[in-house]
Amino acid sequence: MSKKEEASNKLGADKFVVSSDQQQMTALASSLDFIIDTASGDHPFDPYMSLLKTSGTLVLVGAPSEIKPSPLSLLRGMKSISGSATGGTKEREEMLDLCAARKIYPEIEIISIQYINEALERLIKSNVKYRFVIDIENSLR
């Protein structure tokens with residue numbers, strides 16, 4: 001299954017855009033109010049800022065080592081960048097309640113502790129679709 005098919009079918013996406021495809025990104029210019037950036041690795045911000053409408057916001061929940069948007073990408077259209085950690089207990093409970101009500105579940109790959117070296121190799125090669133979860137309980141039996 002392609003990433004596009006998976007995003008559409010499994011995750012319920014209305015649209016799928018390959019961010020490295022300049023033509024697709026240009027077609028979406030100034031079309032979004034809000035972007036949640038979950039990437040922890042370093043990446044450029046200006047391509048994403050160009051997708052925001054006037055007064056749009058890019059919210060970082062990942063933790064790249066640096067943020068270097070062009071000042072013009074913020075000034076044009078009064079755009080902003082903000083950040084958010086996971087929040088407190090109340091916010092996490094609200095988020096989990098919303099996810100349960102809308103049947104939104106995490107996409108994970110469960111691995112045993114014995115598979116950790118292979119998992120790290122896959123991380124290095126960017127061969128991970130979502131998140132690894134280590135099954136400690138069954139790994140130690």
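Read in order, the letters of the sequence shown are residues 1 to 141 in full-length UniProt numbering. The beta-carbon is built from N, C-alpha and C at its ideal position, and this holds for glycine as well. Since the structure is predicted, the reported quantities are computational estimates derived from the model, not experimental observations.
Given a length threshold of 3 residues, each whole run of the beta strand (DSSP E) inside the segment 89 to 128 is given here in chain order: 108 to 111. If you draw a straight line from the Cα of Ser126 to the Cα of Arg102, it is about 30 Å long. Burial state of Ser50 is buried, judged by a 10 Å Cβ sphere holding 16 or more other Cβ atoms.
Proximity of the segment 133 to 141 to the segment 96 to 113 meets the contact definition, three or more beta-carbon pairs being nearer than 8 Å. Judged by their CB atoms, Gly83 and Leu60 are nearer to each other than the 9 Å cut-off.
Bridge pairing for Leu32: Leu52 [DSSP].
The residue from His43, Leu58, Leu11 and Pro44 with its alpha-carbon nearest to that of Ser31 is Leu58.
With respect to Lys3, Glu107 sits apart: the two C-beta atoms are not nearer than 9 Å.
Gly41 counts as exposed, since fewer than 16 other C-beta atoms from the protein chains shown sit within 10 angstroms of its C-beta. The C-alpha of Gln22 is placed about 21 Å away from the C-alpha of Lys79. Assignment of Asp46 by DSSP, reduced to helix, strand and coil, places it in the helix class.
Annotated as distal: Asp37 and Gly56, with beta-carbon spacing of 9 Å or more.
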